[in-house]
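A short worksheet on the structure shown next.
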Amino acid sequence: MVTLKNQAELDQMRAAGHVVGVTLRRVADAVEPGISLAELEAIGAACIKEHGAESSFLGYRPQWAEPPYPATLCLSVNDVIVHGIPTGRRLEDGDILSIDCGAIVGGYHGDAAVTVPVGQVDDAAERLMKVTREALTAAIAAAVPGGRLGDVSYAVESTARPYGLLEGCGGHGIGTAMHEDPHVANTGRPGRGMKLREGLVIAIEPMLIESGGDEGRTLADGWSVATADGSRAAHFEHTVAITADGPEILTR
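Under my numbering, residues 1381 to 1632 are what the sequence shown spells out, in order.
The structure is reproduced here in structure tokens:
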């Protein structure tokens, strides 16, 4: 069921989104060759706690997952597209790292992700991250009252190609649950799908695959989804409210 948020609810979601934005910046600022994913996880957990919020991810267990998610952040390196579990792995110069964070304030969630370079990366990695960020920007611009959900999906796809888009995965509604209706696909046709209305809040999250393939595979930890062919991936996400004045990014 799709729920529309009133102003009081949007205020809570702005507060949650602020915590997410601050946490992502703090973790991204700490990224450098030699730091471990576990150390970045600790930075993120401390930041969320410092702001009086709770993690959306820690202990989360959707129907498809066998173990609950064991961490505060999703940290996905190189060919891992999404849901990477923080471990003792140390980052190396030339890696790219996707950082995904969710936080709860007053019972409402915020959810966002960025992909950052580790040290010096090659031109192909820079372009992959740039186009993924551009796909998110284009999709946000399409999230206006009176538009259609397919407009948002088409904005992602038309910007992202010829990169791959992880099949079956995309964004989602968000509010008192981290994942609500509607599903926000990363592929679609303009002018199709649900009509966008004021008060709808969605998380838009392009996940691009460098090789152009769309397939992924779940790793042995039951959570991490990697590219099927070992190529790199990038992930950017914002929580966005549809308002009379246009799309409002809540996770700054």
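Where is the CB? At the ideal position from N, CA and C, for every residue including glycine.
Classify residue i as buried or exposed, calling it buried when 16 or more other Cβ atoms lie within 10 Å of its own Cβ.
{"i": "G1530", "result": "buried"}
{"i": "P1466", "result": "buried"}
{"i": "Q1392", "result": "buried"}
{"i": "L1384", "result": "exposed"}
{"i": "D1601", "result": "exposed"}
{"i": "E1430", "result": "exposed"}
{"i": "T1403", "result": "buried"}
{"i": "R1507", "result": "exposed"}
{"i": "E1595", "result": "exposed"}
{"i": "W1603", "result": "buried"}
{"i": "G1468", "result": "exposed"}
{"i": "A1522", "result": "buried"}
{"i": "A1624", "result": "exposed"}
Can you tell which of the options has the C-alpha that lies nearest to the C-alpha of residue i?
{"i": "A1483", "options": "G1555, D1459, G1568 and T1517", "result": "G1555"}
{"i": "H1463", "options": "A1624, T1631, G1432 and A1614", "result": "A1614"}
{"i": "R1406", "options": "L1599, N1386, I1428 and G1414", "result": "I1428"}
{"i": "I1582", "options": "N1566, R1394, T1495 and P1562", "result": "P1562"}
{"i": "I1476", "options": "P1413, N1386, Y1488 and V1457", "result": "V1457"}
{"i": "G1544", "options": "A1523, N1566 and M1558", "result": "N1566"}
{"i": "S1436", "options": "I1415, G1397, A1410 and D1473", "result": "G1397"}
{"i": "L1453", "options": "K1510, V1494, E1389 and I1629", "result": "V1494"}
{"i": "V1564", "options": "A1606, P1586 and V1605", "result": "P1586"}
{"i": "V1524", "options": "I1629, R1394, I1415 and A1426", "result": "I1629"}
Assuming residue i contacts residue j under a Cβ cut-off of 8 Å, what Cβ separation, rounded to an integer in Å, is found between them?
{"i": "L1471", "j": "V1498", "result": "5 Å"}
{"i": "V1496", "j": "A1433", "result": "That belief does not hold up - the Cβ atoms of V1496 and A1433 are roughly 22 Å apart, past 8 Å."}
{"i": "I1461", "j": "A1408", "result": "The pair is not a contact, with the Cβ atoms about 18 Å apart (cut-off 8 Å)."}
{"i": "V1411", "j": "G1490", "result": "About 21 Å separates the two Cβ atoms, so there is no contact after all."}
{"i": "E1617", "j": "A1504", "result": "Their Cβ separation, rounded to whole angstroms, is 22 Å, which puts E1617 and A1504 out of contact at 8 Å."}
To the nearest angstrom, report how far apart residue i and residue j are at their CA atoms.
{"i": "I1622", "j": "V1382", "result": "13 Å"}
{"i": "P1570", "j": "S1533", "result": "8 Å"}
{"i": "E1560", "j": "L1580", "result": "11 Å"}
{"i": "G1401", "j": "T1631", "result": "5 Å"}
{"i": "T1619", "j": "T1517", "result": "12 Å"}
{"i": "P1447", "j": "L1420", "result": "22 Å"}
{"i": "P1627", "j": "G1527", "result": "11 Å"}
{"i": "I1520", "j": "I1584", "result": "7 Å"}
{"i": "R1501", "j": "D1459", "result": "Per the sequence presented here, residue 1501 reads as Val, with Arg not at that position. One C-alpha to the other measures close to 14 Å."}
{"i": "T1598", "j": "L1438", "result": "19 Å"}
{"i": "L1417", "j": "L1546", "result": "23 Å"}
{"i": "G1424", "j": "L1588", "result": "24 Å"}
{"i": "I1611", "j": "A1492", "result": "The sequence as given places Ser at residue 1611; Ile does not occur at that position. Going by the C-alpha atoms only, they are around 23 Å apart."}
{"i": "K1575", "j": "G1593", "result": "30 Å"}
{"i": "A1535", "j": "E1514", "result": "10 Å"}
{"i": "E1537", "j": "A1608", "result": "20 Å"}
{"i": "L1390", "j": "E1578", "result": "11 Å"}
{"i": "A1557", "j": "Y1488", "result": "7 Å"}
{"i": "T1539", "j": "A1451", "result": "32 Å"}
{"i": "N1386", "j": "R1394", "result": "12 Å"}
For chain B, is any of its Cβ atoms less than 7 Å away from the one on residue i?
{"i": "H1559", "result": "Here there is only one protein chain, and chain B is not present."}
Enumerate, from N- to C-terminal direction, the unbroken alpha helix (DSSP H) stretches of 4 or more residues contained entirely within the segment 1501–1545.
Correct list: 1503–1521 and 1529–1540.
Residue ranges of each beta strand (DSSP E) within the segment 1561–1618, 3 or longer = DSSP runs (the beta strand (DSSP E)) wholly in the segment 1561–1618: 1581–1584, 1587–1589, 1596–1598, 1605–1607 and 1613–1615.
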